[in-house]
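Read through the structure below, which is laid out as structure tokens, and then see the notes.
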Amino acid sequence: MSWHASVLTLYPDMFPGPLGHSLAGRALSQDIWSLEAVQIRDFAADKHRSVDDTPAGGGAGMVMRVDVLAACVDDVLARRPGLPLLAMTPRGAPLTQAMVRDLAAGQGVSILCGRFEGMDERLFEARPILPVSIGDFVLSGGETAALVLLDACIRLLPGVMGATTSGEEESFESGLLEYPHYTRPQMWEGRTIPEVLRSGDHAKIAAWRKQRAETDTRSRRPDLMERHGDATRQPPSGAR
Ligand code: ADE
């Protein structure tokens with residue numbers, strides 16, 4: 001059985017989209033993973049097939065109806081028992097590489113994509129759904145977020161990437177950003193590749209890469225450095 005993704009969406013034509021190309025696309029045609037896009041609107045019960053309504057309490061936009069969402073969710077939970085069900089929403093818990101690794105190691109995932117101002121909150125009280133966000137910004141819908149999550153999972157499936165991805169040196173696997181990369185030409189616009197990378201001294205290269213991973217993480221992602229434990233940081237002035 002291959003790794004399976006069920007996506008619950010008002011825009012099934014957005015899938016596989018970019019995941020039909022390159023590594024993920026090849027893996028899809030090789031049946032390393034499979035995809036099903038479920039049209040949420042097919043679960044609307046009224047003759048107008050309406051999926052949204054005005055927000056209780058007033059305000060802008062529309063809210064996805066709980067009865068329609070629950071009917072769609074129940075169908076997928078029944079047909080795909082055992083797959084975790086996620087919902088893409090800016091109100092969700094932040095997506096991490098640890099979550100991606102867990103999902104990729106399992107049987108697959110079902111993903112509900114929000115649209116409009118959001119989904120009726122009672123859905124999350126009544127069904128086992130994990131709300132997930134891909135970052136502190138607002139997309140026009142959960143579909144592009146679902147594509148991001150699936151991309152991150154699929155590249156970890158056995159047989160998708162070459163020998164290169166044990167992934168151990170990648171960004172976030174160590175808790176830090178990855179070190180920078182260079183390739184020929186050796187001289188470009190007056191800039192050279194750091195000499196140590198041409199030395200052939202693997203211990204020295206490893207030490208340089210570790211150093212750069214730490215300095216780049218400290219300057220770009222102080223939040224990550226804090227969690228990792230910044231051994232080289234200056235103690236606060238009060239402690240000196
Ligand atoms: N839908 C809209 N914005 C989103 C975000 N940042 N993450 C996940 N789903 C979203």
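Using the UniProt record's numbering, the final residue of the sequence shown is 240, and nothing's skipped along the way.
Using N, Cα and C, we set each Cβ at its ideal position, and we do this for glycine too.
Check	Outcome
Can you list, in chain order, the residues of its chain with a C-beta nearer than 7 Å to that of Arg41? Leave out the 5 residues immediately preceding and following it.	Leu10, Arg49 and Val51
Quick check on Gln107: does DSSP put it in helix, strand or coil?	coil
Looking only at DSSP bridge pairs, what is Ala119 linked to?	The displayed chain sequence assigns Met, not Ala, to residue 119. According to DSSP, Met119 bridges with Met64.
Using the three-state DSSP reduction, which class does Thr9 fall into: helix, strand or coil?	strand
Go ahead and pull the three-state DSSP assignment for Leu86.	strand
In whole angstroms, what separates the C-alpha of Ala78 from that of Gly92?	24 Å
Out of Asp120, Ala146 and Met99, state which residue places its alpha-carbon closest to the alpha-carbon of Asp53.	Asp120
Would you kindly report the start and end of the unbroken alpha helix (DSSP H) that includes Leu197?	Careful: Leu197 lies outside any alpha helix (DSSP H) and carries neither H nor E.
Determine the DSSP secondary structure at Ser22, reduced to helix, strand or coil.	helix
Could you check the C-alpha separation between Arg240 and Gln186 for me, to the nearest Å?	The predicted model places Arg240 with a pLDDT of 47, which falls under 50 and marks its position as unreliable, so this point remains unresolved.
With distances taken between CB atoms, is the gap from Ala104 to Leu157 smaller than 7 Å?	yes
Pick helix, strand or coil for Ser34, following the three-state DSSP scheme.	strand
Would you kindly work out how many angstroms separate the C-alpha atoms of Gly114 and Trp3, rounded to a whole number?	23 Å
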